[in-house]
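Colleague: In this text, residue positions in the sequence shown follow the numbering used here: the first is 1320, and each later residue adds one.
Every residue, glycine too, gets a C-beta built ideally from N, C-alpha and C.
Treat the numbers as computed from the prediction; the structure is a model and nothing was measured.
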Amino acid sequence: MATLGQALENLDKFINEFPIVVVKTIQENKEDIVESVREQISVGLDGDEKKLTPSYSADPFFSTKEAGRWKGKAKQYVKWKKDITPPARSWLGYDKRGVDTPNLYITGVFHESIKATDIPDGVRIASAGNVEFGKDIESKYGSAIFKLSPKAREFFMKHHLAPELKKLFAKYGQ
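(1) Grab me the residues of D1365's own chain with a C-beta within less than 8 angstroms of its C-beta, minus the 5 sequence neighbours each way, in chain order.
(2) On the criterion of 16 or more Cβ atoms from any shown chain inside 10 Å, does G1448 qualify as buried, or is it exposed?
(3) Buried or exposed for I1501, going by 16 or more other Cβ atoms inside 10 Å?
(4) Across which residues does DSSP place R1443 in a beta bridge pair?
(5) Let me make sure I understand the geometry here. Which of V1450, D1414, H1478, Y1375 has the alpha-carbon closest to that of F1429?
(6) Inspect the CB distances between the stretch 1478 to 1490 and the stretch 1330 to 1347 and report whether three or more fall short of 8 angstroms.
(7) Looking only at its own chain, which residues have a Cβ that is under 6 angstroms from the Cβ of G1412, when we skip the five neighbours before and after it?
(8) Leaving aside the five residues before and after L1352 along the sequence, list all residues of the same chain whose C-beta is less than 6 angstroms from its C-beta, in chain order.
(9) Hey, could you find the ends of the alpha helix (DSSP H) Y1460 is sitting in?
(10) Does K1369 come out as helix, strand or coil in the three-state DSSP assignment?
(11) Where does L1364 sit, in a helix, a strand or coil, going by DSSP?
(12) Considering only their Cβ atoms, is the gap separating V1418 from I1345 smaller than 8 angstroms?
(13) From F1381, S1409, K1485, pick the residue whose C-alpha is nearest to that of S1361; which is it?
(14) How should P1421 be labelled, buried or exposed, when 16 other C-beta atoms within 10 angstroms of its C-beta is the threshold for buried?
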């Protein structure tokens, strides 16, 4: 059994090491974080668990010349999207997206552009690389598309952070 002085010293060490372990765990598992963000987007949700809007049928894009062959054909686009990316249940536990809800996936270029970059207090998640429309997507759907949802945070805590914090507590918890 530790003396009061030793216990206080261990508590001080635990407190000092805690943020280091958290940041290290985040950075070492950034690919899982990115996969969680991609998964959220695949079911049509942002990190605040809000549906990505506008829906295809309400998107003003389909009334512009930039829509090309899809101009005025939002309903046909919904059918095409359902065929190429059928709604599926999420491994994070989210329900299938509605067929009219965007998932920001056609060829996978945008999803693959989502990367996590180390920063002093963790990671920054954003569209990176030569994806010229990444900023346009973020502008349209909001920066919350790159946030971790509550279910993604829960997954990260359970599978990555909790085991590391358990080790830290075991190290100083005597």
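Modeller: Per the coordinate set shown:
(1) As a first step, residue 1365 must be located in the sequence shown, where it is residue number 46. Q1359, L1371, Y1460, G1461, A1463, I1464, K1466, S1468.
(2) Sequence index remark: in the sequence shown, residue 1448 carries index 129 (1-based). By the neighbour-count definition (other C-beta atoms within 10 Å, threshold 16), G1448 is an exposed residue.
(3) Since the first residue shown for the chain is 1320 and the last is 1493, residue 1501 is missing from the structure and cannot be characterised.
(4) Here residue 1443 is taken as the residue at index 124 of the sequence shown, counted from 1. In DSSP, R1443 forms a bridge with T1436.
(5) Within the sequence shown, residue 1429 is the residue found at index 110, counting from 1. Put simply, of V1450, D1414, H1478, Y1375 the residue whose alpha carbon is nearest the alpha carbon of F1429 is V1450.
(6) Touching, per the Cβ criterion.
(7) As a position in the sequence shown, residue 1412 is number 93, starting the count at 1. K1470, listed in sequence order.
(8) For the purposes of this step, residue 1352 is taken as the residue at position 33 of the sequence shown. One point to set straight first is that residue 1352 is Ile, not Leu, in the sequence displayed. So the qualifying residues of the chain are A1435.
(9) The residue given as residue 1460 occupies position 141 in the sequence shown. Counting along the chain, the alpha helix (DSSP H) containing Y1460 begins and ends at 1453 to 1460.
(10) For this step, residue 1369 is matched to residue 50 along the sequence shown. Coil, per DSSP.
(11) Working through the sequence shown from its first residue, we reach residue 1364 at position 45. Three-state result, L1364: strand.
(12) Taking the sequence shown and counting its residues from 1, the one referred to as residue 1345 is at position 26. Taking the sequence shown and counting its residues from 1, the one referred to as residue 1418 is at position 99. Against a cut-off of 8 angstroms, the Cβ pair of V1418 and I1345 comes out as no contact.
(13) Counted from its first residue, the sequence shown places residue 1361 at position 42. The option with the nearest alpha carbon to S1361 is S1409.
(14) The residue given as residue 1421 occupies position 102 in the sequence shown. Answer is buried; the Cβ neighbour count reaches 16.
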